[in-house]
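Below is one structure; the comments refer to it alone.
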């Protein structure tokens, strides 16, 4: 954490730069909220590289889990009838979730992978493991969808006879509560530095523990293009991230975020509008 007190025409302010690790799985910002890191903060600003510049991208709430099926090993040829196939339980659940997707709302997602399915093809697997996530733009529907996914897990256990164990993440990633007063100010500052924004509606992007911060303090989490159309979490995006164009984009966006912070300090009306909007936001 870096912290500096600055004298401005509006008075003395405190600028805090927080490193926020473990965004992808643990929910580092949620841990920091619980530890009081955002107490007394008037606004929180961050940005994330992406294929497009979007000042206020919608972001899903998400819960993730680790799933384990425990069965009984047996020789797959000599005596398969004595075994309980843990992998069958996980595959059945995986297929049930795939069928569930047809009946999900368009503002939700479920994804998962099988991380372990056995160690030898001629042995009935006595253990199978997977990781899954449930996403939705509203927490109420996230809870409903989570319950349906749990029933898929239970169906796999019932069909295979394997024992089921599900461990859910400690923190729920909440949907992003974009503070539009601040987002509009950011967009103006970014455009003044040459950024070009996507002018068509975006239904959803990913998820971030910045969503949790956005329900504690007025927040923005814009995305910014780094030079090509490659999507995040792909090899192409990794390669682009190391280019001079990506570095220049990052500097432009950092300047725009900084100037938005200046606007919030010097423009009392902007800060008041941001705080009023935050207080009036409906629950997630």
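Numbering (the working numbering), first residue to last: 47 to 330. No residue lacks a Cβ here, since even glycine has one placed at the ideal position from N, Cα and C.
> Which residues in the same chain as residue 273 place their Cβ atom closer than 8 Å to its Cβ, once the five residues preceding and following it in sequence are excluded?
Replying inline: 286, 289, 291, 292, 295
>> If you measure between the beta carbons of residue 26 and residue 225, is that distance less than 7 Å?
In response: In the structure as shown, the chain starts at 47 and stops at 330, and residue 26 therefore has no counterpart that could be examined.
> If you check the beta carbons only, do residue 55 and residue 251 fall under 7 Å apart?
Replying inline: no
>> With distance defined between alpha-carbon atoms, name the residue in 87, 66, 76, 106 nearest to residue 249.
In response: 106
> Of the residues 99, 90, 67, 59, which one's Cα is nearest the Cα of residue 298?
Replying inline: Comparing Cα positions, the closest option is 99.
> Using the C-alpha atoms, what's the distance from residue 206 back to residue 134?
Replying inline: 6 Å
>> Could you compute how far the alpha carbon of residue 261 sits from the alpha carbon of residue 321?
In response: 12 Å
> Would you say residue 90 and residue 263 are within 7 Å of each other, going by their C-beta atoms?
Replying inline: yes
>> Measuring CB atoms only, is the segment 234-250 touching the segment 164-173, in the sense that at least three cross pairs come out at less than 8 Å?
In response: no
> Going by alpha carbons, who is nearest to residue 319 out of 230, 216, 303?
Replying inline: 230
>> For a quick check, are the C-beta atoms of residue 199 and residue 210 less than 7 Å apart?
In response: Less than 7 Å separates the beta-carbon of residue 199 from that of residue 210.
> Starting from residue 279 and walking both ways along the alpha helix (DSSP H), at which residues does that stretch end?
Replying inline: From DSSP, residue 279 is part of no alpha helix (DSSP H); its letter is neither H nor E.
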